[in-house]
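With the working numbering as the guide, the letters of the sequence shown map in order to residues 7 to 150.
Cβ atoms here follow ideal geometry from the backbone N, Cα and C, with glycine treated the same way.
Have a look at the structure below, then the notes.
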Amino acid sequence: MATIREMTIEDFDRVIALMRQTPGVTVRDADSREAIARYLNRNPGLSFVAEHADELVGCMMAGHDGRRGYLQHLIVAPAHRNTGLATRLVNASLDRLQAEGISKSHIDVLTTNEAAMAFWEKIGWHRRTDIVRYSVIRDGGENV
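Okay, here's the thing in structure tokens:
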């Protein structure tokens, strides 16, 4: 069984490698070492990794804005899927968010990632149809 622990910036290279190997997950410029370090420092104790036999096999990053939690980059290596690991990672972050007074959380899922949408619905999350997300990029390219 995989062990879950808090994510640190020392996990960065292995997390990015896992992201690149995972269909449906996009690595963006905003996933640089500096940006992830800033994210982890801003949201201490909310992101987790899973290890099995010294191999990084899962990740769940989370943060909040003081009112709502935002989950990002739930990734589980294919050999460890359907074992409950993804749900354990999600619950680790949700438990920490709740301890900080955050009871409602969101996650963005690419519309092309059908496996991710099926997972979130399976564990009781509700697809929103009442809102549309807008974004703007103030500097940099389209891969931010």
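Exposed unless 16 or more other CB atoms sit within 10 angstroms - verdict on residue i
i, result
"V96", "buried"
"Y140", "exposed"
"I137", "exposed"
"R26", "exposed"
"R102", "buried"
"A68", "buried"
"N49", "buried"
"T28", "buried"
"A92", "buried"
Residues near residue i in its chain [Cβ-Cβ closer than 6 Å; skip 5 each side]
i, result
"F18", "R39 and I42"
"R134", "none"
Run of the beta strand (DSSP E) containing residue i, from where it starts to where it stops
i, result
"M9", "One point to set straight first is that residue 9 is Thr, not Met, in the sequence displayed. T9 -> beta strand (DSSP E) spans T9 to E12."
"E120", "Here E120 belongs to no beta strand (DSSP E); instead the alpha helix (DSSP H) covers E120 to K128."
"E148", "First-last for E148: undefined, no H or E at that position."
"A68", "E61 to H70"
"A56", "F54 to H58"
Residue i (DSSP reduced to helix, strand or coil)
i, result
"V115", "coil"
"H132", "coil"
"Y76", "strand"
"I137", "coil"
"I81", "strand"
"V31", "coil"
"A41", "helix"
"N47", "helix"
Cβ distance (whole Å) where residue i is taken to contact residue j below 8 Å
i, j, result
"G64", "A8", "6 Å"
"K128", "G75", "Contact flag wrong, Cβ pair sits at about 19 Å."
Residue i, enclosing alpha helix (DSSP H) - first and last residue
i, result
"A92", "L91 to A105"
Own chain residues within Cβ distance below 7 Å of residue i, not counting five before or after
i, result
"I10", "F54, A56, R94, L95 and A98"
"R20", "L62"
"I143", "V150"
"A122", "G30 and V115"
Contacts around residue i, its chain only, beta-carbon distance under 8 Å, and the 5 residues preceding and following it disregarded
i, result
"T118", "G30"
"G147", "D35"
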